[in-house]
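Enquirer: Dumping the structure here so I can ask a few things about it.
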Amino acid sequence: MKEMVVLKLHECTKRWRIKLGAGNLDGQRRSISISTDYANNRIQFKQPISNFGAIKEKLASMATSCYAGESACYRAANDVQSKIDEYQSSGLSRQESELKGVEEFALECSILKVAISEDMQICADEGIQIFGGMGFSAEAPIESAWRDARIGRIYEGTNEINRMLIIGMLLKKAMKEV
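With the working numbering applied, the sequence shown corresponds to residues 15 to 192, in that order.
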């Protein structure tokens, strides 16, 4: 019985990783929005700093990583849901189908958790850079975005733990293919 409870908790954690990845995209979008708004309104040398190449590059890089993360999340979510539907069609219960469907894509879910939480941190860090010295002030909204981004690399298994899980799952998958 105890083993079953631990197994169910482990499966729930896997399920939350893809949700966490998707949730961290909101943090990225927030950093992009805050930074873009600030760059458009901050005047330096009689023009918005959003006109400067370095700022444009930062904002474009932030948007690119967010788009890539969104695309990966949509694909993984679709893959998981398709597998769940397949299991349900074969007669498994909804709960069993969800557990098995998520298990098949646990590797992808862990990768998304790591990649998107780190991209969220980079976006917030770039936002602080755009804000300059004001970025560290509690009055600046990007400061709280940075703190919020930092926790994303810790909960639902630290990124270091997830990397160990990722390599373990990759090796296990490779052994099955041999």
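Each residue gets a CB set at the ideal place from its N, CA and C atoms; glycine is no exception.
Between the beta-carbon of E118 and the beta-carbon of K97, is there less than 8 Å?
Expert: As a first step, residue 118 must be located in the sequence shown, where it is residue number 104. As a first step, residue 97 must be located in the sequence shown, where it is residue number 83. Cβ atoms of E118 and K97: closer than 8 Å.
Enquirer: Suppose contacts are defined by Cβ-Cβ distances below 8 Å. Is R167 in contact with Q143 by that definition?
Expert: Locating residue 167 in the sequence shown gives position 153, where the first residue counts as 1. Locating residue 143 in the sequence shown gives position 129, where the first residue counts as 1. No, Cβ-Cβ distance for R167 and Q143 is not below 8 Å.
Enquirer: From the DSSP output, in three-state form, read off I130 for me.
Expert: Within the sequence shown, residue 130 is the residue found at index 116, counting from 1. Helix, per DSSP.
Enquirer: Report yes if the C-beta distance between W160 and D133 is below 8 Å; otherwise report no.
Expert: For the purposes of this step, residue 160 is taken as residue 146 along the sequence shown, with counting starting at 1. For the purposes of this step, residue 133 is taken as residue 119 along the sequence shown, with counting starting at 1. Not closer than 8 Å, so no.
Enquirer: Which residues bound the alpha helix (DSSP H) around R56?
Expert: Here residue 56 refers to the residue found at position 42 of the sequence shown. Note, R56: premise wrong, no alpha helix (DSSP H); not H, not E.
Enquirer: Terminal residues of the continuous alpha helix (DSSP H) containing L184?
Expert: Position 170 of the sequence shown holds residue 184. Per DSSP, L184 belongs to the alpha helix (DSSP H) from 173-191.
Enquirer: Leaving out five residues on either side along the sequence, give the residues of the same chain with a beta carbon under 7 Å from the beta carbon of F145.
Expert: Within the sequence shown, residue 145 is the residue found at index 131, counting from 1. Closer than 7 Å at Cβ, skipping near neighbours: Y52, A154, I156.
Enquirer: Taking the continuous alpha helix (DSSP H) assigned at L113, which residues delimit it?
Expert: Position 99 of the sequence shown, counted from the start, is the residue given in the question as residue 113. Unbroken alpha helix (DSSP H) run through L113: 108-118.
Enquirer: Could you tell me the alpha carbon to alpha carbon distance between M189 and Q102, rounded to whole angstroms?
Expert: The residue given as residue 189 occupies position 175 in the sequence shown. The residue given as residue 102 occupies position 88 in the sequence shown. Each residue's alpha carbon lies about 28 Å from the other.
Enquirer: With a threshold of 16 other CB atoms inside 10 Å of the CB of G105, please say whether the residue is buried or exposed.
Expert: Counting from one through the sequence shown, the residue named residue 105 turns up at place 91. So G105 ends up on the exposed side.
Enquirer: Can you give me the C-alpha to C-alpha distance between Q95 and A82, rounded to a whole angstrom?
Expert: Within the sequence shown, residue 95 is the residue found at index 81, counting from 1. Within the sequence shown, residue 82 is the residue found at index 68, counting from 1. The straight-line gap from Cα to Cα measures roughly 20 Å.
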